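Protein chains: 2
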Amino acid sequence: MNYSIGDFSAITGISIYTLRYYEKESLIIPARKENGRRSYAESDIAWIQFIKRLKDTGMPIREIQKYAKLRAQGVTTMADRMEMLARHRAVLKEEIGKLEEHLSNLDDKITYYRTEIRKCTNLREDRRTAEVSCCT
Amino acid sequence: MNYSIGDFSAITGISIYTLRYYEKESLIIPARKENGRRSYAESDIAWIQFIKRLKDTGMPIREIQKYAKLRAQGVTTMADRMEMLARHRAVLKEEIGKLEEHLSNLDDKITYYRTEIRKCTNLREDRRTAEVSCCT
DNA sequence: GTACAATCTAGAGTAAACTCTAGGTCAAGT
DNA sequence: ACTTGACCTAGAGTTTACTCTAGATTGTAC
Chain A
1 MNYSIGDFSA
11 ITGISIYTLR
21 YYEKESLIIP
31 ARKENGRRSY
41 AESDIAWIQF
51 IKRLKDTGMP
61 IREIQKYAKL
71 RAQGVTTMAD
81 RMEMLARHRA
91 VLKEEIGKLE
101 EHLSNLDDKI
111 TYYRTEIRKC
121 TNLREDRRTA
131 EVSCCT
Chain B
137 MNYSIGDFSA
147 ITGISIYTLR
157 YYEKESLIIP
167 ARKENGRRSY
177 AESDIAWIQF
187 IKRLKDTGMP
197 IREIQKYAKL
207 RAQGVTTMAD
217 RMEMLARHRA
227 VLKEEIGKLE
237 EHLSNLDDKI
247 TYYRTEIRKC
257 TNLREDRRTA
267 EVSCCT
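Chain order of the listed sequences is A and B. Be aware that the first sequence starts at 1, since it is given in this note's numbering, and climbs by one per residue. Be aware that the second sequence starts at 137, since it is given in this note's numbering, and climbs by one per residue.
Here it is, written out as structure tokens:
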């Protein structure tokens, strides 16, 4: 099976513009029909989804480009590609760690806000003061 | 204690350009001395670090701007700010989840590469074939 | 046989978040 | 007095990753 750019866009959820852009950047280069139109292969679906994954994990297009270039060179570059992925894995792992730390910090802040707001509310309910500026 | 923009930049690791940009965007507005120069307060350090955290967790500057505006309005906006953070927390939590899924996928791929490469090596060592194109 | 829908290319435009330049002020050291 | 270094503003330039426009072509439906 092979797909026109419109179909491929619909299947993958990536705009036609972006697909053409990715081609210009040598990420994914579909075959062409006799009339010059793009013809994406079945296997391109998995490939573009992998590209998506790399992007979603923060890999810049220049990096993905390098990976794509290796891939295009065939099996002899498998080790290099694995190397790239292993490196990227480490970066990703670290980023997740950072985000988790940020999350816990955010939780602390939210907890703090919650208690402060409760204090305010209590004060108002107790009528001990009419001022709103109770929590600073 | 208060700091010149140069000192504040050195302390926080944020470039002078960026600090001025953040001011233009109303994220952090330092006091001014009589001569018109910026004078950052001690408390601005914690504030900019919090801004950094929001940025690192993917909050766009427009959002941070809203938060800063609320903060500038004082204690009466605490509940709104908490609301914002709670929402952002949820987004962050989800993003971490996605990244973890991506990580595990990446691991699978790396494992696959590793075994494929091993197969190749074994084949070569066994002299069963001289071809390199063993793993596709 | 003509309208239309989808495609093509080259190149311009956009948005976000900086980053830098030019031209000017001002206080401190020599 | 004068140079130097840090600071000021307004506005231009950069980078990344798209996104869109204009003008041409092509295959299909009526």
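Each residue gets a CB set at the ideal place from its N, CA and C atoms; glycine is no exception. As the structure is a computational prediction, the values presented were derived from the model and not from experiment.
- Proximity of Thr121 (chain A) to chain B, defined by a Cβ-Cβ separation below 7 Å, is not satisfied.
- The C-alpha of His88 (chain A) lies about 10 Å from the C-alpha of Glu94 (chain A).
- The beta carbon of Met220 (chain B) does not come within 7 Å of any beta carbon belonging to chain A, so the residue lies off that interface.
- Listed along the chain, the chain A residues whose CB falls inside 7 Å of the CB of Arg250 (chain B) are Met82.
- For Ile253 (chain B), at least one C-beta of chain A is nearer than 7 Å to its own C-beta.
- In the three-state reduction of the DSSP assignment, Ser9 (chain A) falls in the helix class.
- In this chain, the alpha helix (DSSP H) harbouring Ser179 (chain B) covers 178-192.
- Of all residues in the region 43-73 of chain A, those with a C-beta nearer than 7 Å to a C-beta of chain B are Arg53, Asp56, Thr57, reading in chain order.
- Interface residue (Cβ-Cβ distance to chain A less than 7 Å): Leu228 (chain B) is classified as such.
- Judged by DSSP secondary structure, Arg156 (chain B) falls within the alpha helix (DSSP H) whose first and last residues are 152-160.
- Proximity of the region 65-79 of chain A to the region 192-204 of chain B falls short of the contact definition, fewer than three beta-carbon pairs being nearer than 8 Å.
- Interface criterion met: the Cβ of Leu99 (chain A) is under 7 Å from a Cβ in chain B.
- Comparing alpha carbon positions, the residue from A:Cys120, A:Ile48, A:Leu99 closest to Ile14 (chain A) is A:Ile48.
- The secondary-structure analysis by DSSP pairs Ser175 (chain B) across a beta bridge with B:Ala167.
- Look at Arg87 (chain A): its C-beta is not under 7 Å from any C-beta on chain B.
- Residue pairing by DSSP puts Tyr3 (chain A) in a beta bridge opposite A:Tyr40.
- Residue contact check for Ile14 (chain A) against chain B: no CB pair falls below 7 Å.
- With 16 or more neighbouring CB atoms inside 10 Å of its own CB, Met78 (chain A) falls in the buried class.
- For Leu242 (chain B), the nearest CB of chain A lies under 7 Å from its own CB, placing it at the interface with that chain.
- When DSSP states are grouped into helix, strand and coil, Gly210 (chain B) belongs to the coil group.
- Proximity of chain B to Lys109 (chain A) at the Cβ level (cut-off 7 Å) is accounted for by Leu221, in chain order.
- Under the Cβ criterion of 7 Å, Ala215 (chain B) is counted among the residues facing chain A.
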